[in-house]
């Protein structure tokens with residue numbers, strides 16, 4: 007065994023502040039291309055991943071690290087090249103380490119690849135999550151045994167709920183805590199985060215990061231090398247590809263968009279793909295930001311500029327600074343970290359800070375652990391036995407349904423849609439339509455710049471498709487009424503949200519009732535479905551006949567690309 011140690015970092019572990027970097031002599035990065043040959047990924051996703059890896063390589067070298075960077079068809083080919091380059095040297099059998107990958111079985115597969123080549127590989131803790139498997143086991147006491155968590159039908163032997171986990175990690179980390187109690191006296195201010203913005207309100211503009219020469223070179227190579235999906239131009243590509251850009255994106259969110267994030271976080275507005283969302287998930291999931299950094303930045307902003315839940319209304323033009331609330335003279339920092347005089351920042355309501363913390367510290371960590379526990383059966387879970395192929399509108403965006411056209415259009419253009427579009431439009435329509443959860447999961451994985459198997463699978467298969475009840479007590483199924491309440495889409499849609507049956511009726515309405523009727527045996531006694539099924543019971547045979555006819559017509563039109 008050589009005395010020379012090597013840290014092999016993967017393409018979603020691109021953080022130069024890792025403790026593991028201080029404990030090794032060199033860094034290995036393998037840019038494997040085979041995965042992108044097999045399926046048509048979004049061009050922006052491939053550009054982001056490969057450009058971020060190449061920038062990270064250069065950043066590490068600038069920081070004094072010895073970096074070996076290899077391009078190969080597969081990790082196996084990359085390992086062959088890496089080990090061959092050490093033949094006959096004192097480093098012929100390197101001490102090779104890798105942070106345990108988040109995707110199921112990936113660590114064991116990498117260790118097997120190394121073993122097949124006569125090398126050893128040690129899996130070390132993944133620093134890019136705040137909580138550890140041991141933390142989870144402590145909370146989930148008693149820990150699960152050796153039996154699979156999910157049955158073959160997707161039913162869970164044990165169910166986990168995010169709210170309990172979220173309170174546990176708040177207590178353990180001290181984030182937004184006042185001693186043993188949550189700041190503000192409540193754990194969750196979600197009821198304050200369900201408003202739609204006034205028609206004359208415009209969200210703060212998100213930052214744009216002009217692609218540099220390396221990113222442009224990478225993008226040109228992606229277009230030439232791979233068959234891709236979605237917008238393949240660079241005009242709408244504005245994602246951070248470096249650590250410095252990711253930190254700037256975090257600063258921008260905390261400074262300008264966090265104040266209005268909470269109140270409008272569940273809203274959908276035609277022509278506004280980003281609203282006040284942080285847009286930080288691609289940087290976090292690549293590792294450019296550590297998991298603590300955005301949470302602690304938001305907590306610090308609340309400590310500095312905080313007001314009571316709902317106290318700040320971003321849609322009201324006469325109240326835009328702390329001065330309007332008698333608060334501190336918080337002001338924007340200049341390039342040297344000093345306050346710019348007279349340039350006060352908007353306040354941060356507690357519902358905005360708590361809502362963001364819940365997304366990252368609560369939900370992101372939660373689904374990672376549920377994924378670990380529920381795989382491999384989670385990937386194929388299909389409790390409702392839904393088998394239809396995704397309709398072509400998911401690929402071409404060609405539909406007159408404004409809500410679906412907007413959401414798919416955002417994915418095609420940016421490789422992104424915010425969480426309500428993901429859950430309550432893209433997943434909801436697929437659920438009501440009867441799409442195969444695995445196919446929907448793959449579509450998310452191919453199309454979203456922040457998508458990785460560990461995060462899409464619990465969100466799409468479990469939550470969005472109700473392929474299993476492991477993390478939610480009911481399906482997130484909704485009629486057009488939800489979209490109308492949370493958006494302005496229905497006002498411009500040719501389909502009438504007020505109608506359920508007949509030509510021109512909102513497709514979601516008939517699909518919703520038909521879905522409840524079709525899966526009544528499974529869903530009637532589930533969780534919070536009692537109210538929905540009381541309305542099912544109110545409908546007579548004639549109404550059900552009309553609903554079934556309309557639902558079948560909608561599915562046929564969707565399948566034919568004519569919806």
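Residue numbers (this note's numbering): 7 to 569.
Even glycine gets a Cβ: it sits at the ideal position worked out from N, Cα and C.
- The beta carbons of residue 353 and residue 311 sit about 5 Å from each other, so the pair counts as a contact at 8 Å.
- As a beta-bridge residue in DSSP terms, residue 14 pairs with 34, 104.
- For the 9 Å CB-CB criterion, residue 270 and residue 199 form a contact.
- Of all alpha-carbon atoms in 318, 563, 409, 439, the one lying nearest the alpha-carbon of residue 488 is that of 409.
- Scanning the stretch 141-193 for uninterrupted alpha helix (DSSP H) segments of 4 residues or longer gives 168-179, listed from N- to C-terminal end.
- Between residue 513 and residue 569, the beta carbon gap of about 6 Å places them in contact (Cβ cut-off 8 Å).
- Here DSSP, grouped into helix, strand and coil, assigns residue 453 to helix.
- The alpha carbon of residue 286 has as its nearest neighbour, out of 128, 530, 455, the alpha carbon of 455.
- For residue 253, the uninterrupted alpha helix (DSSP H) run begins and ends at 249-258, by DSSP.
- From the listed residues 125, 415, 276, 232, the smallest Cα separation to residue 493 is found for 276.
- Residue 65 carries a helical assignment under DSSP once its states are collapsed to helix, strand and coil.
- 9 Å or more divides the Cβ of residue 317 from the Cβ of residue 256.
- Taking one beta carbon from each stretch, the stretch 437-449 and the stretch 355-365 have fewer than 3 pairs nearer than 8 Å; the two do not touch.
- A direct Cα-to-Cα measurement between residue 87 and residue 76 gives close to 8 Å.
- Residue burial is scored here from C-beta neighbours: residue 541 has fewer than 16 other C-beta atoms within 10 angstroms and is therefore classed as exposed.
- In its own chain, leaving out the 5 sequence neighbours on each side, no residue places its CB closer than 6 Å to the CB of residue 158.
- Each of 100, 128, 123 was checked against the Cα of residue 113, and the nearest Cα belongs to 128.
- Around the CB of residue 149, fewer than 16 other CB atoms lie within 10 Å, so the residue is classed as exposed.
- For residue 226, the enclosing alpha helix (DSSP H) starts and ends at 219-231.
- The alpha carbon of residue 315 has as its nearest neighbour, out of 30, 81, 461, 268, the alpha carbon of 268.
- With contacts defined by Cβ atoms closer than 9 Å, residue 71 and residue 32 form a contacting pair.
- Taking the C-beta atoms as reference points, residue 27 is found no nearer than 9 Å to residue 14.
- Taking a cut-off of 8 Å for Cβ pairs, the stretch 222-231 and the stretch 42-54 touch, as three or more such pairs fall below it.
- Comparing alpha-carbon positions, the option among 145, 431, 386 lying closest to residue 484 turns out to be 431.
- By the neighbour-count criterion, in which a residue is buried when 16 or more other Cβ atoms sit within 10 angstroms of its Cβ, residue 427 is buried.
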